[in-house]
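One structure below.
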Amino acid sequence: MTPILGFFGFLNAKGACKEAGFLMIVSAIGLFVCVNQIIFYLFQGLALLLSGLNNIFCKK
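One gets our numbering by counting positions in the sequence shown from 1 and adding 2 to each.
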């Protein structure tokens with residue numbers, strides 16, 4: 003669901019913040035896929051994911 007929302011935000015992007023948010027979401031998904039055995043990276047991945055969603059959907 004999250005990649006779909008991220009891609010939807012990317013398609014409707016009018017600024018660099020939304021594009022950066024999309025890339026942050028993709029990076030967070032890659033982090034979860036690559037290091038899913040290490041619980042230490044869970045907080046960094048969640049922070050990256052939430053920051054990406056904030057960049058896409060936050061009204062500035």
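In this text, a Cβ means the ideal position worked out from N, Cα and C, and glycines have one as well.
Residue state for C36 is assigned as helix, using DSSP reduced to three classes. Burial of F24 is indicated by the presence of at least 16 other C-beta atoms within 10 angstroms of its C-beta.
Going by beta carbons, L33 and L55 fall outside the 9 Å limit. V35 and N57 have their C-alpha atoms roughly 22 Å apart. Just so you know, the alpha carbons of A22 and F45 end up roughly 20 Å apart.
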